[in-house]
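Novice: Chains as they are written, first to last, in my numbering: chain A, 1 to 296; chain B, 1 to 311; chain C, 1 to 366.
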Amino acid sequence: MSTLALPAPRASLKRERRWALIWSYVFLVIFAVIFLTPPLYMLVTSLKTSAEISAVTLPWWVFHPTLENYRTLFTSEQYLTFFRNSAVVALSVVAITMVISILAAFSLSRMRFWGSAALATGVFLTYLIPETLLFIPLFKIFAFVQDWTGIEMMNHWWVLIVVYPTLTVPFCTWIMIGYFASIPKELDEAALIDGASYFQVLTRIFLPVALPGVIAATIFAFTVSWADFLYPMAFTTSIDQMVLPAGIVTTLIKGDVYNWGQIMTAALLGALPPLLIYAFLMDYYIAGLTAGATKG
Amino acid sequence: MANGIATEAAARLPVARRRAARRRFARHKSLIAFLMALPLIALIAALVVYPAFYSLWLAMLNKGMEHFVALGNFTCLFRRDVFGRVVKQSVIFAVSAVIFKALIGFVVAHFVHNIPAKGQRKWRGMLLVPWVIPPAMSTLAWFWLFDPSYSAFNWVLSRIGLHAVPWLGDPLWARFSVILVNVWYGAPFFLIMYLAALKSVPEQLYEAAAIDGASGWQKIWYVTLPMMRNIIAITVLFSLIVTFANFDIVRILTNGGPIDQTHVFATWAFQLGIEGGDLPLGACVSLFMFPILGIAAYFILRDINRRGTEA
Amino acid sequence: MAQVNLRKVFKEYDEVPAVRGIDLDIGDKEFVVLVGPSGCGKTTTLRMIAGLEDITDGEILIGGDVVNDVPPKDRDIAMVFQNYALYPHMTVHENMSFGLRLKRVPKDEIDRRVKAVASILSITELLNRKPKQLSGGQRQRVAMGRAIVRNPKVFLFDEPLSNLDAKLRVHMRTEIKKVHQKVRTTTVYVTHDQVEAMTLADRVVVMNAGLIEQVGTPHELYHSPATLFVAGFIGSPAMNMMRCGLEETAGALRLKLHGDLALPVPQERVARYQPHAGKSNLLLGLRPEHLTEMRSQSAPGQSAFDATVEVTEPMGMETLVFFSLNGAEVCARTNPAANLQPGKRAQLLADLRYMHLIDETSGRVL
């Protein structure tokens, strides 16, 4: 009679977990490759000369890297205009958005007026009316305003400063309401008793305590304003009025010969600000997104 | 010194005078609250609600916007066969893209959740990149990757002995490519949301299920999915709306082509309305999105309310 | 002078009354405790004094001035909250100096005052820490420090010790009393714990269902409660309430407790209770310490009776003995040496010189 030596259960469980871990990593690598290929390819292409591109040696690697494309763009009046327009628009919209959102969030989370509860929950329902529905009537409205008041609305980049808040304010307000609502009411009361006015309660207590929310909302507003494509395409037609997304794509379509090196460089540089913000403030970025998932 | 012993007689004194004063004070505070929320309300009213209604009116004018043609634009559209194609394409595009985005997001979220916590941040960071890059820019990269002459993908295919694929030239492949890019762009968002939701599922539920004899798959079906039901519903519904109304990707990759096979509502409306100069017709096209958006809105509202009462 | 006066103060929330007309005068430097069960209106009253709630009707005066429409920041008051309400993003020093900084008090003055108060409360070494690095007791002291630094006319405390564990609560109670002795400011303190009320207050205000039941010193409330509610609320273990009738036989008043038990009313009370002879809906209120084991020396006014002991709770210095009378559970505090046993019949002594006779329908102590 031989005694059966059973494998220790702990060992097989550990082995099972190890396999699960290995498979997880395998798939993560696969997906990382899939997700990162296009931007990396943008980078590779941006370092190629036109000659190397058309030579079609190996698309995935650059053999004779050059910074020529970068130099051209940095000295291109047109491209710099795009960049400047984007920057001005994005920063202005961020400022406007934060002011409107913070005021509204403070009011909706702390004070009451007729309809405030409905407004607080329903504010993000505005996203149910997408920009692709609104751009045509807005076009006509802006033309109308221009005829009526003489203010130049058509084909000017500042029109974007007017419309972009519709894309950013609802969600930013929603984020701020979530953060403000989680501040205990006693804190306001303590501040009021300490002698603060409502404005001081907002600026010296709420904003510092809800700072992660403020940062997340700011990042969101900036990213959306930087990246929007439809409104610029609809409302700006002259090259000097365009922001980056519209500008890069339009100059591409204009030309007959695509200078892919330059196009990729332009696109990569255009994607840089959001990417940099993401790289440095990733946790706030993600916190802003998942505010819905965790705070319900 | 008052030694206020309770007397039932001191029950209700006339309070009319003081009530008026209190109401004044309360109304004052309400007014300030309203004023603070006014910019928000004004913004949405003027630039979202009003244009939405205006588009209804606009869609019923003729091209020159001189006279009223009621449903003339609508019937005109029905007669065009492009219209049928646009409806079909928009629906197929939205539904299939969202299904894949949700699936991929869900699956990859599990993988990220499985690895030790320290490494999760790194991987999460890498995997969210497609969503961070402005879609216009990343779509340009895809456009380049799909280029008929220089496609890097075709280069790989030819190296392993397969034919080059007309990514954007052939109608079927074009539709595939458009969906592919949208899934690439949107899946990371689902990944992040589902990862956060996964983390909020209490570990004890899995332990209880394991003791009850559940396998890995059963755990997902009986524990994970029900706990994540709300977040899945919300993300899917919102994504349906956003994908349905998508403009950037189709416009840059195919501009609706080849032969209008990949047009969605947004791009077709743009082509007719802005490029073609027929604003009413464009508005008309955009409006067709509305019924579908309305249905999605109904489901979202219902779900939000249910969530509210559950909490 | 920082007196606080409440004149016929009403508070209604959407037609639901929370405070139903109270009159109260609090003297300068007095420590007054509002005590009562949940929902009695004590916190609402405190918040109206603070200005955090509007007053539906009536007047509140601080320092002689009507403050009904005055916002909290102009009332010169300070408040300590149940949840401390410390500003999480500020250090202890900044928390305490916030009010002064808002008033643009010069920096060195602020520093001097903060350091002085910190030393009174023994939190000087915590000045540079943030609230999340502090324990519950430390946070409560910082909250008090924030209030004291402002040197207000009135201190308001909203159940400040409820979030602390029992031992810490006892310790902080003493701290608060010491602080009040050093910083003599009018104080209004709200709690649901009658022990806190009794130990801290100069005068106690017992509230119930939006009305004041009684105002008095702890001694007055304990020994001369005016209503059934106050009699039963103050004191632990609670006062025993036994149903009885008052009968008069041959010029002598007796308390008829049940069937065969009737106790003679002490001589000094006869005149007072005479008018109520014949009533049967009365309650005999007697505190447990006035129900003891049988003693050899019994004074006039003390009556002996028998009862079957149900439960005994040895407390060390005394043994609580529980028995039934007229269907109600009664508690007696006995000497452990008497060694009363559960299940056995024992002879007990009721010291009726300390009795209270209460009309059950009106709730008044006769």
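Where a beta carbon is used, it is the ideal one built from N, C-alpha and C, also for glycine.
Model, not experiment: these values are computed from the prediction.
Is the segment 198-216 of chain A close to the segment 116-133 of chain A, with three or more CB pairs under 8 Å?
Specialist: Result no; under three Cβ-Cβ pairs closer than 8 Å.
Novice: Within 10 angstroms of its Cβ, does Y87/C collect 16 or more other Cβ (buried), or is it exposed?
Specialist: Buried, by the Cβ-count rule.
Novice: Whose CA, out of V35/C, H276/C and T185/C, lies closest to the CA of F229/C?
Specialist: Considering only alpha carbons, the answer is V35/C.
Novice: For G270/A, which residues in chain C fall below 8 Å Cβ to Cβ?
Specialist: What G270/A touches in chain C: nothing, since even the nearest Cβ is about 37 Å away.
Novice: I'd like to know whether the C-beta atoms of L246/C and L257/C end up nearer to each other than 8 Å.
Specialist: No.
Novice: When we look at the beta-carbon of N335/C and count the other beta-carbons within 10 Å, is it buried (16 or more) or exposed?
Specialist: Label assigned to N335/C: exposed.
Novice: For a contact meaning CB atoms closer than 7 Å, what does L102/C contact in chain A?
Specialist: Simply D194, G195, A196 and Q200.
Novice: Beta carbon of V249/A, beta carbon of I252/B: below 8 Å?
Specialist: For V249/A and I252/B, yes; Cβs fall inside 8 Å.
Novice: In whole angstroms, give me the CA-to-CA distance for L13/B and V16/C.
Specialist: Its pLDDT being 45, under 50, L13/B is placed unreliably by the model, and nothing is read from it.
Novice: Around the Cβ of Y164/A, are there at least 16 other Cβ atoms within 10 angstroms (buried) or fewer (exposed)?
Specialist: Classification for Y164/A: buried.
Novice: Quickly, what does DSSP pair P17/C with across the bridge? List them, please.
Specialist: Bridge partners of P17/C: E12/C.
Novice: Cα separation between S280/C and C244/C?
Specialist: C-alpha separation (whole angstroms): 6 Å.
Novice: What are the complete alpha helix (DSSP H) segments, minimum 4 residues, inside the segment 230-291 of chain A?
Specialist: With a minimum length of 4 residues, the continuous alpha helix (DSSP H) runs that stay inside the segment 230-291 of chain A are 230-235 and 244-254.
Novice: Just checking: is the beta-carbon of K140/A within a distance shorter than 8 Å of some beta-carbon in chain B?
Specialist: Yes - at least one Cβ of chain B is within 8 Å of the one on K140/A.
Novice: I want to see whether chain C comes within less than 8 Å of A227/A, judged by CB atoms only; does it?
Specialist: For A227/A, the answer is no, since every Cβ of chain C falls outside 8 Å of its Cβ.
Novice: Under 8 Å, with one C-beta from each stretch per pair, do the segment 65-76 of chain A and the segment 264-271 of chain A reach the 3-pair mark?
Specialist: In short, these stretches touch, since the Cβ pair count reaches three.
Novice: List the DSSP bridge partners of I60/C.
Specialist: According to DSSP, I60/C bridges with L6/C.
Novice: If the cut-off is 9 Å on Cβ atoms, which residues from the segment 236-256 of chain B count as contacting chain A, listed in chain order?
Specialist: Listed by position, the residues of the segment 236-256 of chain B near chain A (Cβ gap below 9 Å) are F238, I241, V242, F244, A245, N246, F247, D248, R251, I252 and N255.
Novice: So W260/A contacts chain B; which residues on that side make the cut at Cβ distance below 9 Å?
Specialist: Per Cβ cutoff of 9 Å: W144, D147 and Y150.
Novice: Rounded C-beta distance between A85/C and A181/A? I'm assuming under 8 Å.
Specialist: That belief does not hold up - the Cβ atoms of A85/C and A181/A are roughly 16 Å apart, past 8 Å.
Novice: I'd like to know whether the C-beta atoms of M79/C and D158/C end up nearer to each other than 8 Å.
Specialist: Cβ atoms of M79/C and D158/C: closer than 8 Å.
Novice: Got a sec: which bits of the segment 55-88 of chain C sit with their beta carbon under 7 Å from any beta carbon on chain A, in order along the chain?
Specialist: Flagged, chain order: P72, K73, I77, A78, M79, F81, N83, A85, Y87 and P88.
Novice: For S109/A, which residues in the same chain have their Cβ closer than 6 Å to its Cβ, ignoring the five residues on either side in sequence?
Specialist: These residues qualify, in order along the chain: I177, F180 and A181.
Novice: To the nearest whole angstrom, what separates the beta carbons of R75/C and I62/C, a pair I think is in contact under 8 Å?
Specialist: Correct: roughly 6 Å between the Cβ atoms.
Novice: Residues in the same chain with beta-carbon distance under 8 Å from A120/A, minus the five sequence neighbours each way, listed in chain order, please.
Specialist: Within the same chain, A120/A has close Cβ partners L108, S109 and I177.
Novice: In whole angstroms, what is the alpha-carbon distance linking E30/C and P131/C?
Specialist: In a straight line, the C-alpha of E30/C is about 31 Å away from that of P131/C.
Novice: Any Cβ of chain A within less than 8 Å of the Cβ of V82/B?
Specialist: It does not: the Cβ of V82/B has no partner Cβ on chain A nearer than 8 Å.
Novice: Between which two residues does the alpha helix (DSSP H) carrying Y79/A extend?
Specialist: That run of the alpha helix (DSSP H) goes E77 to R110.
Novice: Please check the pair L279/B and I53/A, which I expect to be a contact at CB under 8 Å, by giving their CB distance rounded to whole angstroms.
Specialist: Actually they are not in contact, since the Cβ atoms of L279/B and I53/A sit about 40 Å apart, beyond 8 Å.
Novice: Is the separation between the beta-carbon of P184/A and that of N95/C shorter than 8 Å?
Specialist: No, the Cβ-Cβ distance between P184/A and N95/C is not below 8 Å.
Novice: Name the residue from N230/B, A196/B and K122/B whose alpha carbon lies nearest to the alpha carbon of L28/A.
Specialist: For the residues N230/B, A196/B and K122/B, the minimum Cα distance to L28/A belongs to K122/B.
Novice: Any beta carbon from chain A within less than 8 Å of W123/B's own beta carbon?
Specialist: Chain A, which has a Cβ nearer than 8 Å to the Cβ of W123/B, makes this yes.
Novice: So, at 6 Å on beta carbons, what are the nonlocal neighbours of V183/B in its own chain, with the 5 sequence-adjacent residues on each side left out?
Specialist: Answer for V183/B: A97, F100 and K101, listed in chain order.
Novice: Mark H263/B as exposed unless 16 or more other C-beta atoms lie within 10 angstroms of its C-beta, in which case mark it buried.
Specialist: Classification of H263/B: buried, given that the 10 Å Cβ count is 16 or more.
Novice: Give the single residue among V132/B, L35/B and K29/B whose Cα lies nearest to the Cα of F280/A.
Specialist: Among V132/B, L35/B and K29/B, the Cα nearest to that of F280/A is on V132/B.
Novice: Taking the Cβ atom as the reference point for each residue, do W94/A and L160/A lie within a distance shorter than 8 Å?
Specialist: Residue identity check: residue 94/A is Val in the sequence provided, not Trp. No, the Cβ-Cβ distance between V94/A and L160/A is not below 8 Å.
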